[in-house]
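Asker: Got a structure here, written out as structure tokens. Questions coming.
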Amino acid sequence: MTPYSIQALTYSNARIVWFRGVKAAILFPPLYAGGPYELYPHPETYPGLSFEGLPSPLRPEFMPFATLDDVYAFLGIRPKAMAA
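Residue 66 in the UniProt record's numbering sits at position 66 of the sequence shown, with consecutive numbering throughout.
Structure (structure tokens):
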């Protein structure tokens, strides 16, 4: 089982990526049709430019993904339909 999970927010189109109960990253939706999803380390959890303590496979940069399924695969999260 992966230590990652993704939570949709009710007040924003962004999502929070959790790592073992800690806010690890923010997942931003595409800004335009066909644009990438962007994963970015959570700045409150990992302040500073070095993002010290950032868990793998996250990196200290904006990480683009073509689809939401690509984000799930990158984090090792099985789609809910497959997890049942």
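In this text, a Cβ means the ideal position worked out from N, Cα and C, and glycines have one as well. No experiment lies behind these values; they were computed from the predicted model shown.
#1: By Cβ distance below 6 Å, which residues in the same chain neighbour residue 77 in space, the five residues on each side in sequence not counted?
#2: Run through the stretch 7-47 for me and flag every whole alpha helix (DSSP H) of 4 or more residues, listed as ranges in chain order.
#3: Decide if residue 38 is buried, meaning its Cβ has at least 16 other Cβ atoms within 10 Å, or exposed.
#4: Along the chain, where does the beta strand (DSSP E) that runs through residue 65 open and close?
#5: So, for residue 75: in the same chain, excluding its five sequence neighbours on each side, which residues have a beta-carbon less than 8 Å away from its beta-carbon?
#6: Is the CB-CB distance between residue 36 and residue 14 below 9 Å?
#7: By the DSSP assignment, the alpha helix (DSSP H) with residue 74 in it spans what residues?
Answerer: Well, looking at it:
#1: Within the sequence shown, numbered from 1, the residue matching residue 77 stands at position 77. Answer for residue 77: 2 and 4, listed in chain order.
#2: none
#3: Position 38 of the sequence shown holds residue 38. Looking at its Cβ environment, which holds 16 or more other Cβ atoms inside 10 Å, residue 38 is buried.
#4: Taking the first residue of the sequence shown as position 1, residue 65 is located at position 65. 63-65 is the extent of the beta strand (DSSP E) around residue 65.
#5: Position 75 of the sequence shown, counted from the first residue, corresponds to residue 75. Excluding residues within five positions, the ones whose Cβ falls inside 8 Å are 2, 4, 6, 17 and 57.
#6: Position 36 of the sequence shown, counting from 1, holds the residue named residue 36. Position 14 of the sequence shown, counting from 1, holds the residue named residue 14. Cβ distance not < 9 Å, so residue 36 and residue 14 don't count as in contact.
#7: Here residue 74 corresponds to residue number 74 of the sequence shown, with the count starting at 1. Looking at the DSSP string, the run of the alpha helix (DSSP H) that includes residue 74 is 68-75.
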